[in-house]
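Here is the structure we will look at.
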Amino acid sequence: MRVVSGIQPTGNLHLGNYLGAIRQWVALQDSMAAGDECLFFLADLHALTVAIDPKELAGNTVEMAAVLIASGIDPDRSILFNQARVTAHSELAWILNGTARVGWLNRMTQWKDKAGKNREGASVGLFAYPVLQAADVLLYNATHVPVGEDQKQHLELARDIATKFNGDFGVDLFTLPLPLVSKAAPRIMSLRDGSAKMSKSDPSDASRINLIDGDDVIVQKLKKAKSDADVLPETVDGLAERPEARNLVTIYAALADQSAESVLGEFAGKGFGAFKPALADIAVATLGPIRDRMTALLEDRAAIGAVLENGASRARALAAPTLRAAQAAVGLQI
Ligand code: TYM
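With the working numbering, letter number 245 in the sequence shown gets 837, and the count goes up by one each step, no holes.
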C-alpha cells in the first residue's frame, strides 16, 4: 500500500480538512504494515494558481506542516514534505500535459467553480491544476489517496491520464490510484450555509472552524452556527431536508467517532439549545490540544524546515525512478 495525499498551504486549515482528510491520513499512517509507505505534502505549487502573497507562502507552508504534525502525522513514519522541494512533480506534470485532454479539464467542477464567469482571466495554472495533482500521485505509484469528496473527480482524472499514458506509450508504468473518501465526513458544510462546502476561501470566518481558533472562538462559532427550530429526529432520514442540522450532527458524529444514528439516539427530541453546547465541548476537547501542540511546534520553525527537507530527500529518492521511466517512455534524452 502506497498512500499519497496533499493539502494546499493557503488560508486556514479548518475542520473540513481535518475530518475529511487529515484524520484519515493519521489513521492510515497508524495502520501501516511493513513495506507500506505514506507520503503527505504541502501543495505549495498548487497554491500559485490563485493570487497569493509571496511573503506569506513559505510561512504558511511551515505553519501547515506544524498543524499536520500536531494532528498526528509522524515525520519519522510518514514522509512529510513540500511539493516545490521535489522538482520531479513539476517535471512529470509537464510530461502529463501532453497526455491530458483539454476536454477532460474543461469538465472539472473545481475549475468551473473557481474560474467562475471569468475563464478568460483565470490563470493557465488553475486550468492545468489537476494535471499537477495527477503527477503528485502517479510519481509515487500511489495505490490509495485519502481525500474529501470534492477531490474525487481530480483522482478520476488522474486514473484517466495514467491509463492513456500507459496505453499511448505501450508501458505498464503508472499504477491507477484509488481515492479513499472518508465515510464519516466526506463533505463538511459551512456553518453559515448548509448548501456550501466549508472552505478556506469563504470570506466569512464564521463559516468555518479553523484549527488555530481559540477555545472560546470555537464555542462562539458553534453557538452562532445556522441551525433550525426543530428538535433532533430519531433517524438520519429525518435530517434529509435539514442541511444545517445534518451537518452539525455529522460533525458531532465524526468528532466523537460514533455513527450519526448513535448521536441521534442520544439527542433525539432535544433542540439545538442542548445539542450545540455538547458539540462545542467535543470540538474543543479534540481541537484544543492540536492547536496547543501546533503553537509549541512553531516556537522552532527551523526544526520544521529541517523535517520538510528530510522528507523531501526521501520523496526525491522514491520519485526519481518513475520520472526517469516516464522520460524514457516519451523519448526524452535527459
Ligand atoms: P485542499 O487543500 O482544498 O484540501 C485538503 C483536503 O481536505 C479535504 N477537504 C474537505 N473534506 C471534507 N469537507 C470539506 N469541507 C473539505 N474541504 C477540504 C479535501 O478534499 C482534501 O482532501 N487539490 C488538493 C490538494 C492536492 C492533492 C494532491 C490531494 C494537491 N495534490 C494529490 C490529493 C492528492 C486541494 O486543493 O485540497
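Heads up, the beta-carbon is just placed ideally off N, CA and C, and yes, glycines get one too.
Computed from a predicted model, the values in this text were never measured in an experiment.
Measuring C-alpha to C-alpha distances from F632 to each of A917, F673 and I644 identifies F673 as the nearest. The continuous beta strand (DSSP E) containing G598 extends over residues R594 to I599.
Residue nearest to G830 within the set A860, Y844, K816 and K815 is A860 (criterion: CA-CA distance). By the beta-carbon neighbour count (other beta carbons within 10 angstroms, threshold 16), R669 is exposed.
Here the C-alpha atom of D636 lies approximately 23 angstroms from the C-alpha atom of L770. For E836, the CB contacts under 6 angstroms within the same chain, skipping 5 residues up- and downstream, are G786, K818 and S819 in chain order.
Across the set V841, L814, V659 and R906, the C-alpha of L814 shows the shortest separation from the C-alpha of A872. In the three-state DSSP reduction, P769 falls in the coil class, being neither helix nor strand.
Nearest in C-alpha terms to V595, of all of I614, E629, L605 and A619, is E629. In terms of Cβ geometry, G612 and A777 form a close pair [threshold 8 angstroms]. Pairwise C-beta distances place the stretch 648-657 out of contact with the stretch 686-694, as fewer than three of them are shorter than 8 angstroms. For P778, the three-state secondary structure derived from DSSP is coil. For E826, the CB contacts under 7 angstroms within the same chain, skipping 5 residues up- and downstream, are L856 and A860 in chain order. Using a C-beta cut-off of 8 angstroms, the stretch 882-897 makes no contact with the stretch 715-732, since fewer than three inter-stretch Cβ pairs fall below that distance. Around the Cβ of N802, a 10 Å sphere holds 16 or more other Cβ atoms; the residue is buried.
Under the three-state reduction of DSSP, L731 is assigned to coil, being neither helix nor strand. In the three-state DSSP reduction, P835 falls in the helix class (H, G or I).
Cα atoms of D808 and K704: separation of roughly 37 angstroms, rounded to the nearest angstrom. Between A848 and I810, the C-beta gap is not smaller than 8 angstroms, which leaves the two residues out of contact.
Separation of the CB atoms of N733 and T602 is rounded to 28 angstroms, and the pair is thereby denied contact status at 8 angstroms. With a contact defined as Cβ atoms closer than 8 angstroms, I671 and R906 qualify at about 5 angstroms. Beta-bridge analysis with DSSP links L634 to I599 and N674. When secondary structure is reduced to three states using DSSP, K815 falls in the helix class. Around K792, the same chain offers T602, G603, N604 and H606 as residues with beta carbons nearer than 7 angstroms, after the five sequence neighbours per side are excluded.
Boundaries of the alpha helix (DSSP H) around H746: K744 to F761. With a cutoff of 8 angstroms on beta-carbon distance, T842 and A832 are scored as not near each other. Of the other Cβ atoms in all chains shown, 16 or more fall within 10 Å of the Cβ of P738; this residue is therefore buried. S854 and V828 have their C-alpha atoms some 10 angstroms from each other.
In this structure, the C-beta of S791 approaches the ligand TYM to less than 7 angstroms from one of its heavy atoms. Taking C-beta separations shorter than 8 angstroms and ignoring five residues to either side along the sequence, the partners of G863 in its chain run A821, D822, V823 and L824, following chain order. DSSP, read as helix, strand or coil, puts V642 in coil.
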